[in-house]
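To start, the structure under review is shown below, and the notes come after it.
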Amino acid sequence: MDTALVVAAKEYRDDFRSRWTLVVASLFVVLALAIAYFGGAAGGKVGFMPFDATLASLTTLAAFVVPLIGLLLAYDMVVGERDQGTLLLVLSYPISRIKLVTGKFLGHCGALATATVAGFGAATVIILAMQPATRSAYALFHLGNFMVSACLLGACFVALGGVVSVATRDKARAAGLALLVWLATVVVFDLCLLAILVLSGGNPLERWLFPRLLYLNPVDVFRLINLATLGAGSGNQLFMGMTAGQAYPMWSLYAAALLWVLIPAGLAQFIFRREEV
0 MDTALVVAAK EYRDDFRSRW TLVVASLFVV LALAIAYFGG AAGGKVGFMP FDATLASLTT
60 LAAFVVPLIG LLLAYDMVVG ERDQGTLLLV LSYPISRIKL VTGKFLGHCG ALATATVAGF
120 GAATVIILAM QPATRSAYAL FHLGNFMVSA CLLGACFVAL GGVVSVATRD KARAAGLALL
180 VWLATVVVFD LCLLAILVLS GGNPLERWLF PRLLYLNPVD VFRLINLATL GAGSGNQLFM
240 GMTAGQAYPM WSLYAAALLW VLIPAGLAQF IFRREEV
């Protein structure tokens, strides 16, 4: 078996052994059911919402939680070995640095994808069971689209966590940098775009440029994949208002999501291959 796959299998087993995967899957189930049932409480409605509104709420939840979990899984995958003094021992085995990083990346991606599909999958089964009217090909397509894009989002942030891990020399600094990455992508980026949109007054150049800037953030790409085809009453008006009516081909969004996985993963390999252990 390829050494990268051996490392991937070990990391995958370790994530299960440490209860990470079980805890994350359980968290996804509880949060997804809570937001689906109580999402309309602010408007005086308690109960499962229409499918479009439920999916918009699940997308918002995943956009906050999945990146954080991905970074927490991966931020110490190399720097943790360095802190424990085991990195030199691992590299003394017949395994290249590239395959070591690749194996750890694949293992963590597999664990997070398992938790994502199991957690959100269980929640959606319960939601569909409680709402027979939502059982349709339309709902199944969008739920499948949501699962695949959520797994890609998780892989992206595992890769970004890998970059943080190989670029830092101690675990505490890596944890702080991972938190900054999460804040920058999930919170700060969209706030900056909204500020630019308000200050610019919506001139034609901004209306042309602004929707394309969303490709520069993997979290916004994930939102676009899931929200761009939903109805106007699904509760996603604020985010879709930022797109200025731009049509996003699904293939371009998935291509952008894949690039957001491959580029950070390649960057992590490049940095680790060139640095001194």
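Just so you know, we're using numbering that gives the first Met the number 0 here: the sequence shown kicks off at 0 and counts up by one. For glycine and all other residues, C-beta sits at the position ideal for the given N, C-alpha and C.
- In this structure Ala117 is in contact with Ala24, their Cβ atoms being roughly 4 Å apart against a cut-off of 8 Å.
- Taking one beta carbon from each stretch, the region 25 to 36 and the region 121 to 133 have 3 or more pairs nearer than 8 Å; the two touch.
- Each of Val162, Leu176 and Met146 was checked against the Cα of Ala62, and the nearest Cα belongs to Met146.
- The beta carbons of Phe221 and Ala112 sit no closer together than 9 Å.
- If one requires a minimum length of 4 residues, the alpha helix (DSSP H) runs lying completely within the region 137 to 210 are 170 to 182 and 188 to 199, in chain order.
- Annotation for Gly79: Lys170 place their beta carbon closer than 7 Å to its own, counting only its chain and skipping 5 residues before and after.
- When rounded, the separation of the alpha-carbon atoms in Pro248 and Ala227 is 10 Å.
- Of the candidates Gly160, Leu192, Phe140 and Leu178, Phe140 places its Cα closest to the Cα of Phe50.
- Membership of Glu80 in the alpha helix (DSSP H) is indicated by the continuous run Val78 to Gln83.
- DSSP, read as helix, strand or coil, puts Ser56 in helix.
- Ranked by Cα distance from Gly175, the first of Leu99, Leu71, Ser251 and Leu142 is Leu71.
- The Cβ atoms of Ala7 and Leu105 lie closer than 9 Å to each other.
- Between the alpha carbons of Leu208 and Leu193 lies a gap of roughly 13 Å.
- Only residues of its own chain outside the window of five on either side were considered, and among them Pro263, Leu266, Ala267 and Ile270 have a CB closer than 8 Å to the CB of Val162, listed in chain order.
- Annotation for Ala227: no alpha helix (DSSP H) segment contains it, and DSSP assigns it neither H nor E.
- The beta carbon of Gln83 sits closer than 7 Å to none of the beta carbons in its chain outside the five residues before and after it.
- Rounded to the nearest angstrom, the Cβ distance from Arg211 to Arg96 is 36 Å, too far for a contact under 8 Å.
- For Leu67, the closest C-alpha among the options Ala154, Ala166, Cys191 and Leu142 is that of Ala154.
- For Glu10, the enclosing alpha helix (DSSP H) covers residues Thr2 to Arg16.
- Distance between Leu86 and Leu213, taken at the CA atoms: about 38 Å.
- CA-CA distance, Val197 to Val218, rounds to 21 Å.
- Restricting attention to Leu223, Phe47 and Thr2, the CA atom closest to the CA of Ala128 is found in Phe47.
- Looking at the backbone, the Cα of Ala246 and that of Leu252 are separated by about 11 Å.
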